[in-house]
Amino acid sequence: MSIELKNVSYLYSPGTAYEMRALEDINLVIPEHQFIGLIGHTGSGKSTLIQLFNGLLKPTGGQVFYNGEDIWGGDVSRKDLRSQVGLVFQYPEYQLFEVDVFKDVCFGPRNQGLDQEEAKRRARAALEHVGVPEELFGRSPFELSGGQKKRVAIAGVLAMDPRILILDEPTAGLDPRGRDEILRQIRALHETRGITIVLVSHSMEDIARYVQRIVVLDRGHIAFDDDPRRVFSHYRELEQMGLAAPQITYVMHDLRDRGVPVDVDVLTVEEARDNILAVLKGKGAGHAT
Amino acid sequence: MGIIRARKLGYEYHRYDENGQEEGATRAIDDIDLDVRAGQFVAVLGHNGSGKSTLAKHINALLIPTEGTLWVDGMDTSAEGELWRIRQRAGMVFQNPDNQIIGTVVEEDVGFGPENMGVPTEDIWKRVEESLQAVGMAAYRSHSPNKLSGGQKQRVAIAGVMAMRPQCIVLDEPTAMLDPNGRREVLRAVRELNRRENVTVILITHYMEEVVSADRVYVMDQGRIVMEGTPRELFTRVEDLKSYGLDVPQVTLLAHGLKKAGLVIPEGILTREELVDALCRSS
Numbered sequence: 003m004s005i006e007l008k009n010v011s012y013l014y015s016p017g018t019a020y021e022m023r024a025l026e027d028i029n030l031v032i033p034e035h036q037f038i039g040l041i042g043h044t045g046s047g048k049s050t051l052i053q054l055f056n057g058l059l060k061p062t063g064g065q066v067f068y069n070g071e072d073i074w075g076g077d078v079s080r081k082d083l084r085s086q087v088g089l090v091f092q093y094p095e096y097q098l099f100e101v102d103v104f105k106d107v108c109f110g111p112r113n114q115g116l117d118q119e120e121a122k123r124r125a126r127a128a129l130e131h132v133g134v135p136e137e138l139f140g141r142s143p144f145e146l147s148g149g150q151k152k153r154v155a156i157a158g159v160l161a162m163d164p165r166i167l168i169l170d171e172p173t174a175g176l177d178p179r180g181r182d183e184i185l186r187q188i189r190a191l192h193e194t195r196g197i198t199i200v201l202v203s204h205s206m207e208d209i210a211r212y213v214q215r216i217v218v219l220d221r222g223h224i225a226f227d228d229d230p231r232r233v234f235s236h237y238r239e240l241e242q243m244g245l246a247a248p249q250i251t252y253v254m255h256d257l258r259d260r261g262v263p264v265d266v267d268v269l270t271v272e273e274a275r276d277n278i279l280a281v282l283k284g285k286g287a288g289h290a291t
Numbered sequence: 075m076g077i078i079r080a081r082k083l084g085y086e087y088h089r090y091d092e093n094g095q096e097e098g099a100t101r102a103i104d105d106i107d108l109d110v111r112a113g114q115f116v117a118v119l120g121h122n123g124s125g126k127s128t129l130a131k132h133i134n135a136l137l138i139p140t141e142g143t144l145w146v147d148g149m150d151t152s153a154e155g156e157l158w159r160i161r162q163r164a165g166m167v168f169q170n171p172d173n174q175i176i177g178t179v180v181e182e183d184v185g186f187g188p189e190n191m192g193v194p195t196e197d198i199w200k201r202v203e204e205s206l207q208a209v210g211m212a213a214y215r216s217h218s219p220n221k222l223s224g225g226q227k228q229r230v231a232i233a234g235v236m237a238m239r240p241q242c243i244v245l246d247e248p249t250a251m252l253d254p255n256g257r258r259e260v261l262r263a264v265r266e267l268n269r270r271e272n273v274t275v276i277l278i279t280h281y282m283e284e285v286v287s288a289d290r291v292y293v294m295d296q297g298r299i300v301m302e303g304t305p306r307e308l309f310t311r312v313e314d315l316k317s318y319g320l321d322v323p324q325v326t327l328l329a330h331g332l333k334k335a336g337l338v339i340p341e342g343i344l345t346r347e348e349l350v351d352a353l354c355r356s357s
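Protein sequences appear in the order of chains E and R.
Numbered according to our numbering, the first sequence spans residues 3 to 291.
Numbered according to our numbering, the second sequence spans residues 75 to 357.
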């Protein structure tokens with residue numbers, strides 16, 4: 003269950019005065035069971051890229067393979083592809099439309115040709131997985147709060163039992179608690195169901211905390227594709243691209259510059275705390291007695 | 075008296091079922107007293123559904139209180155006839171810049187507000203120029219807004235509000251949809267307006283890093299103001315903030331963790347410079 007992009011490029015409005023190159027010569031493999039973060043400035047091509055993954059857009063150059071087969075080669079059912087590669091858009095209200103939450107989540111599996119009972123079972127499991135309580139099942143999706151709408155939108159895609167789940171800024175506009183809950187649930191999907199996750203986010207702190215690999219897009223090119231520690235070690239280049247490293251990375255670099263030999267590769271507050279404590283203890287100073 | 079003042083402010087809305095029968099009432103704002111002085115930079119924090127946006131909408135009379143009173147520059151927002159003057163005093167910027175930009179060219183978009191107010195043409199151009207300068211977007215005046223980045227669009231939206239010469243600007247999560255660079259640009263523009271033009275700023279946000287430079291921070295929960303103080307006062311209360319579903323900036327959290335583990339670090343660290351200085355002193 004892998005996606006592979008070979009020399010992919012994408013032009014909007016090719017051959018017209020409005021022609022715009024969104025992606026150029028992208029080579030990328032998304033293997034099974036990975037948790038990947040996709041970052042890039044506004045207009046870097048992230049949204050175009052994720053729509054190429056499930057065949058919503060057709061590349062203007064190069065090829066997209068799903069399990070080794072060219073998805074535009076003729077034999078691949080793009081309908082099946084889209085139920086295996088699920089996409090949750092940034093604005094959940096754009097993908098919610100049914101009269102109540104439960105029917106909305108049933109729509110995907112019904113559309114896949116599953117019978118009513120199986121669709122209901124899937125919908126129930128998906129809603130449970132993202133923490134939507136049963137008393138909301140009968141509500142109109144449009145009455146829900148932003149965080150609840152996001153959960154329902156994720157459940158709608160999850161109910162189709164995708165192998166790969168792509169989420170475009172699932173936490174934008176959520177408060178810290180809602181953000182942490184949704185990210186933890188996404189991580190649980192990755193861990194318990196083995197689903198491959200591609201998380202698009204502008205929060206470097208979230209990316210640092212959750213993902214195993216980071217792909218950085220800059221003006222339509224892949225600038226970095228590596229594990230988080232290595233990607234964030236390029237924090238100065240990331241800044242040039244309109245991005246940043248987590249706040250904690252800057253603290254560690256500042257300390258190192260001031261002669262405190264801390265590890266600059268830490269990604270989370272907990273790691274930073276333990277590392278600073280270990281270093282200061284090693285020097286035998288800095289402790290309250 | 076402050077430019078924005080609320081006394082026992084309350085707002086209740088009713089939910090109806092399909093047949094028009096009332097299902098229940100929700101108190102979105104509950105007994106709020108507020109006094110914002112002219113020129114202050116105020117931040118409002120709170121989880122989703124805590125009432126922040128409802129409060130914001132009262133400040134430019136998009137909502138009228140069901141209880142208590144809100145005054146903008148001394149005008150009662152529930153008094154009919156003051157509506158346009160109130161909206162001119164208190165401008166509003168929303169989360170999604172795409173929903174508030176209407177012009178096909180940046181300068182037209184910024185000029186829409188003053189034109190709508192009946193400002194003479196010559197003055198409109200002057201205001202457009204000044205507002206675009208103030209947010210650092212003058213170089214883009216003849217660009218099409220839809221070719222701009224998120225941060226640039228949001229700054230155009232802020233310029234559009236500034237062109238109406240408000241005394242106060244309310245920003246409801248203006249950076250929620252922006253990349254890190256866009257966030258920095260917008261924040262810098264807002265701080266400049268506050269500092270240079272002495273515009274009163276009310277910033278609603280979920281990003282704790284953005285409130286560090288505020289004069290005063292209010293925390294809302296269930297329609298009430300539950301915490302209030304300077305950023306330093308608030309961010310020393312890590313556990314309380316967490317209990318309201320909020321966070322503290324990563325540096326503050328790290329300082330808190332190190333202090334708990336026994337290091338000698340002052341309370342309420344807000345910036346990385348403060349933390350690094352404190353650690354270098356203790357090492």
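From the three backbone atoms N, C-alpha and C, an ideal C-beta is built for every residue, glycine too.
Counting every other CB atom within 10 Å of its CB across the protein chains shown gives residue 121 of chain R a total of 16 or more, marking it as buried.
For a Cβ distance threshold of 7 Å, residue set 250, 251 of chain R lies close to residue 174 of chain E, ordered along the chain. About 4 Å separates the Cβ atoms of residue 243 of chain E and residue 220 of chain E, confirming a contact at the 8 Å cut-off. With a cut-off of 8 Å on Cβ pairs, the region 279 to 297 of chain R is in contact with the region 305 to 318 of chain R, counting three or more such pairs. Rounded to the nearest whole angstrom, the CA to CA distance from residue 169 of chain R to residue 232 of chain R is 11 Å.
Shown here, residue 170 of chain E sits in a strand according to DSSP, grouped into three states. Here residue 153 of chain E carries a helix assignment [DSSP, helix/strand/coil]. 41, 42, 43, 44, 45, 46: these are the residues of the region 35 to 68 of chain E whose beta carbon lies less than 9 Å from some beta carbon of chain R, given in chain order.
Of the candidates E:263, E:53, E:237, E:237 places its Cα closest to the Cα of residue 252 of chain E. By the rule that beta-carbons nearer than 8 Å mark a contact, residue 88 of chain E does not touch chain R.
Cα atoms of residue 125 of chain E and residue 159 of chain E: separation of roughly 10 Å, rounded to the nearest angstrom. If you draw a 10 Å sphere on the C-beta of residue 31 of chain E, you find fewer than 16 other C-beta atoms in it, and that means exposed. Residues 108, 111, 112 of the same chain have their beta carbon placed closer than 7 Å to that of residue 121 of chain E, with the five preceding and five following residues left out of the count. Scanning chain E for C-beta atoms nearer than 9 Å to the C-beta of residue 319 of chain R yields 177, 178, 179, 180, reported in chain order.
The beta-bridge partner set that DSSP reports for residue 100 of chain R consists of R:87. Against chain R, the beta carbon of residue 249 of chain E has neighbours under 8 Å at 283, 323, 324, 325, 346, listed in chain order. In the displayed model, residue 3 of chain E falls within coil according to three-state DSSP, outside both helix and strand. When C-alpha distances from residue 235 of chain E are compared across E:279, E:268, E:175, the shortest belongs to E:268. Neighbours of residue 247 of chain R in chain E, taken as residues whose beta carbon is under 7 Å from its own, are 175 in chain order.
With a cutoff of 8 Å on beta-carbon distance, residue 297 of chain R and residue 104 of chain R are scored as near each other.
Contact fails between the region 16 to 30 of chain E and the region 228 to 246 of chain R, because fewer than three Cβ pairs, one in each stretch, are under 8 Å apart. Judged by their CB atoms, residue 327 of chain R and residue 204 of chain E are not nearer to each other than the 8 Å cut-off. Contact fails between the region 184 to 198 of chain R and the region 138 to 151 of chain R, because fewer than three Cβ pairs, one in each stretch, are under 8 Å apart. For residue 223 of chain E, the enclosing beta strand (DSSP E) begins and ends at 223 to 228.
Judged by DSSP in its simplified three-state form, residue 251 of chain E adopts helix.
C-alpha of residue 141 of chain E to C-alpha of residue 136 of chain R: approximately 27 Å in a straight line.
For the region 251 to 277 of chain R, residues whose beta-carbon sits nearer than 9 Å to a beta-carbon of chain E comprise 251, 252, 253, 254, 255, 256, 257, 258.
At least one CB atom of chain E sits nearer than 8 Å to the CB of residue 280 of chain R.
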